[in-house]
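**Q** First the structure, which I've put down as structure tokens, then a few questions once you've had a look.
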Amino acid sequence: MHQEIQKMREISLVYLDRSGGLQKFVHDCKKYNDSKQSYAVYRFIISINPSDIAELDATLGNYILHNPIQAAQIFQSVCFIAIKTLSLIEQLQTEDQISILLKPTHLPPLPSYLLSLSAFPFNYTSQRFYISEGIAIAMGCVTKYTQGARFLCTEETCPFSEGRFRYIRVHMPGATESATVRNDFVCSLCSSPLQEDMKFRVLGDKQIVEMIDAKVLNALKGYSSDKSHFRIQTFTVFLRDELTNKMKIGNHYKIIGIPASVQNGLQATACIEVNSIELCKPNGPSFVGDNFKYLLSLTSSSCWRFTAILANIFASQVVPPGTYNTLKLAILLSLVQTGEKENADYLDLLIVTSDTLVIDRLLNYSICLLPRGIRHPPSSEIFPSVSKDKHGTGRASIHACSAVLAKGGICYIGDLSSHKKDKLELLQSVLESRTTNVFIPGKKYGEEADQQVTISIQTNFWSFVDVDSSSKKHIQKDNFLIGQMDLSLVPPNLLDVFGLLIYNEFPSCRLSSPVIHHTLKKAVNPEAMLYKVSQQFRMQDYEEFILFAKNLHVELSSEAENLIQGYYVASRRVRRDSIHGSTLSTSALKILISLSKAHTKLSLRKKVLEEDALIAILLLESSLTLKHGKSALCIAPNPVFPFDLSDENSLQQRDSYLMQCHHQLLKFIGAYGPGIHINTNEE
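Everything in the sequence shown is counted per this note's numbering, starting at -7 for the first residue and increasing by one.
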């Protein structure tokens, strides 16, 4: 066995030399040596490529992967010999003072190296490297822990009462602070108690993070075609030293670490000591289905037909084709305007309806088309909260809630009137700034000073208001303008920050029959495909389409930009009163750009055209009419879908109508937007 160990030491030295690790080690030693300070422990990080080291020596490669703690001792011996031979650190006395942390760059892509966080049993006894994935759902503050400490014998006549670094305690994976530093150690020579030499204690940073399997996202969706059952449980990961603050709450990470069990009183907690962290970024599909491609080719003569048909046939598993078209188009636009980029173009939806059951089903269905579509449970918090860490440290731990888990997706918060006033005020603040602040009182959580943590909220919000509930709870006003709705149930400032307000009128008598028939048939046979289009454009096809469309990078054309700017300036001049000035909020310009880009993405194009800007303007003008009444532009009640889309003639009729709207818009800009120059094509 000694010969094998000696051989592995030689191979490890060769690997360090070839990989550049030896040069980095010498550089790290120089920092310690220059400090001229003696430490109980000198910590070194060695990067290990399992593939390269296995090619050099399979035995050493296997030893590192399956016995990392013992393998670290091999590198410890090599490093100690190198330090003494090359006189790298003058203060170093014993080999035990060297602490080696092995960091594998990756692990073999084999099932035995994967640690499933939802599988049972959770293997935490092997103390070898595993790779695992999960979402950070709770994060504690950075605290200190003991990397290493020196102990001396309390018996003055004992040789180990002073001088050499005989008794060194070093932190091991999964060990608690009490396991590293205690007062019940005894001298091996005279059996006298040992006492820590405090001036040599080495402290490091520690952060506790709670993670959970990404499968939890499926459990938090309001509707799912996946009928499988699985077990979900949070698990604790320890980030130490250079890894602290490397995770952000709500993000999906792949980690490599050593599982362990931490004893806290009578309770044992499974945890992972993390060695490396990698952010998992969702990769959208690089294709769309053949049926979507064929539909795009058939509608290539018009910039409006493809998205009109998409909205017409969308969610045919929930509502009949041809119903709720304006709402379904708004949903699709919001779905493709999701992402995790900073300063993204968000598109929030607030639906006013008297048919809450169907609308709730439609929104539940729609959020399942994204990897991160979250149905907010009424019993939990929408935004991050803070509580005491459950591991007994008494420090603060920030918990991710629905809005953070929906990062890069949709957070559907249900009926807006079900939330209390303080929650609505917080929602308004988040919609305005896309951030939320978590206050941590220092006195309560053992900190010297109060802290305020700012967390980015990168998600679109969906909600609805029951118009019948609004009329029951509030006395209707008599001074409404033409087209204006009674929205007194919603605070005016909150109403302004929602990107799009959609009034979903209950289908007319002619359309109510298909909705009723659809609901009854689905109640009898939930799995039935009632329409041919449901088979041609499946839920999975829409998932792939949306993931492809949302990743398209689009740019505004100068024509579209001029049209948007002209409408915005003209509307601010038209929509104003003597008391409050312009009733058009400054965020309207961002909403117009977001809607235009969304329609372009939904059309699978990369250049925003005037046609895209027109749809955006009509949707926003319709929303403004509901809030403030009609303006001089005077659009129809349902401007984007004025006709039922039953055949090609109806599509042609819609195109002609939209061209008239475009001409009417140019006249409006010319009359109320002086100084704005719009190029027009005279026919």
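All C-beta atoms, glycine included, are put in the ideal place defined by N, C-alpha and C.
Please classify E234 as buried or exposed, where buried requires at least 16 neighbouring CB atoms within 10 angstroms.
**A** exposed
**Q** Consider the Cβ of L57: report whether some Cβ of chain D lies at a distance smaller than 9 Å.
**A** Of the protein chains in this structure there is only one, and it is not chain D.
**Q** Would L610 pass as a contact of I585 if the rule is Cβ separation under 9 Å?
**A** no
**Q** Please check the pair I432 and A392, which I expect to be a contact at CB under 8 Å, by giving their CB distance rounded to whole angstroms.
**A** The distance from the Cβ of I432 to that of A392 is about 15 Å, inconsistent with a contact at the 8 Å cut-off.
**Q** DSSP state of T168, grouped into three classes?
**A** coil
**Q** I'd like the list of long-range same chain contacts for N630, defined as Cβ closer than 7 Å, with 5 residues on each side in sequence excluded.
**A** T318
**Q** Below 8 Å, how does it come out for the region 341 to 360 and the region 400 to 410: are there three or more Cβ pairs, yes or no?
**A** yes
**Q** Report the start-end ranges of each beta strand (DSSP E) in the region 186 to 210 that is 3 residues or longer and not cut off at the edges.
**A** Counting whole runs of 3 or more residues, the region 186 to 210 contains the beta strand (DSSP E) stretches 186 to 188 and 194 to 204.
**Q** Following the continuous alpha helix (DSSP H) through G53, name the residue where it begins and the one where it ends.
**A** A50 to H58
**Q** Going by beta carbon distance, what residues of the same chain come within less than 7 Å of N471, once the five residues before and after it are set aside?
**A** In this prediction, N471 scores a pLDDT of 48, lower than 50, which makes its location untrustworthy; the coordinate-derived value is nonetheless stated afterwards. Closer than 7 Å at the Cβ level, and outside the excluded window around N471, lies no residue.
**Q** So I447 is in the beta strand (DSSP E); what residue range does that whole segment cover?
**A** Q443 to S448
**Q** Using 9 Å as the threshold, is the C-beta distance between I390 and A130 below it?
**A** A distance below 9 Å separates the beta carbons of I390 and A130.
**Q** Using a 10 Å radius around the Cβ and a threshold of 16 neighbouring Cβ atoms, would you call G155 buried or exposed?
**A** Burial is judged here by how many other beta carbons sit within 10 angstroms of a residue's own beta carbon; G155 has fewer than 16 and is exposed.
**Q** Tell me, to the nearest whole angstrom, how far the beta carbon of A64 is from that of A141; I am working on the premise that it is less than 8 Å.
**A** At roughly 19 Å, the Cβ-Cβ gap does not stay under 8 Å, so A64 and A141 are not in contact.
**Q** Is S29 helix, strand or coil when you go by DSSP?
**A** The sequence as given places Gln at residue 29; Ser does not occur at that position. Secondary structure of Q29 (DSSP, three-state): coil.
**Q** Please determine, among I538, V632 and H655, the residue with the shortest C-alpha to C-alpha distance to R646.
**A** V632
**Q** Which residues mark the beginning and the end of the alpha helix (DSSP H) in which I40 is found?
**A** Unbroken run through I40 is the beta strand (DSSP E), Y34 to I40; no alpha helix (DSSP H).
**Q** Mapping the DSSP letters down to three states, classify P499 as helix, strand or coil.
**A** Unreliable placement is indicated for P499, whose pLDDT of 44 sits below 50; no coordinate value is reported for it.
**Q** Quick check on the DSSP output: the beta strand (DSSP E) that includes G491 runs from which residue to which?
**A** That residue, G491, is in no beta strand (DSSP E); it is neither H nor E in DSSP.
**Q** Out of A395, D189 and K191, which has the shortest C-alpha to C-alpha gap to W454?
**A** A395
**Q** Counting pairs of beta carbons, one from the region 584 to 599 and one from the region 316 to 336, are three or more of them closer than 8 Å?
**A** yes
**Q** Taking H545 as the reference, give the member of I75, K333 and A128 with the closest Cα.
**A** K333
**Q** Going by beta-carbon coordinates alone, are F660 and A552 separated by less than 9 Å?
**A** No, these two residues do not count as a Cβ contact at 9 Å.
**Q** For L8, which residues in the same chain have their Cβ closer than 6 Å to its Cβ, ignoring the five residues on either side in sequence?
**A** L14
**Q** By how many angstroms is the C-alpha of R174 removed from the C-alpha of S180?
**A** 16 Å
**Q** Mark G386 as exposed unless 16 or more other C-beta atoms lie within 10 angstroms of its C-beta, in which case mark it buried.
**A** Exposed, by the Cβ-count rule.
**Q** Label E270 either buried or exposed according to how many other C-beta atoms from any shown protein chain fall within 10 Å of its C-beta, with 16 as the threshold for buried.
**A** exposed
**Q** Whole angstroms is fine: what's the gap from A252's alpha carbon to K382's?
**A** Approximately 17 Å between the Cα atoms of the pair.
**Q** Between the Cα of E169 and those of T138, F157 and F537, spot the shortest distance and give me the residue it belongs to.
**A** T138
**Q** Can you tell me where the alpha helix (DSSP H) with H391 in it begins and where it stops?
**A** Looking at the DSSP string, H391 is not in any alpha helix (DSSP H); the run it does join, the beta strand (DSSP E), is A388 to H391.
**Q** Where S4 and R193 are concerned, what is the direct C-alpha to C-alpha distance, given to the nearest angstrom?
**A** Their Cα atoms are separated by approximately 29 Å.
**Q** For the ligand PLP, is there any heavy atom lying closer than 8 Å to the beta carbon of K589?
**A** No copy of the ligand PLP appears in this structure; indeed no ligand is present at all.
**Q** Check each candidate in C263, S421, A167 and N543 and name the one with the smallest Cα separation from V201.
**A** C263
**Q** Is DSSP giving P96 helix, strand or coil here?
**A** Reduced to three states, the DSSP call for P96 is strand.
**Q** Is the separation between the beta-carbon of L493 and that of I374 shorter than 9 Å?
**A** no
**Q** Helix or strand or just coil, what does DSSP make of I129?
**A** strand
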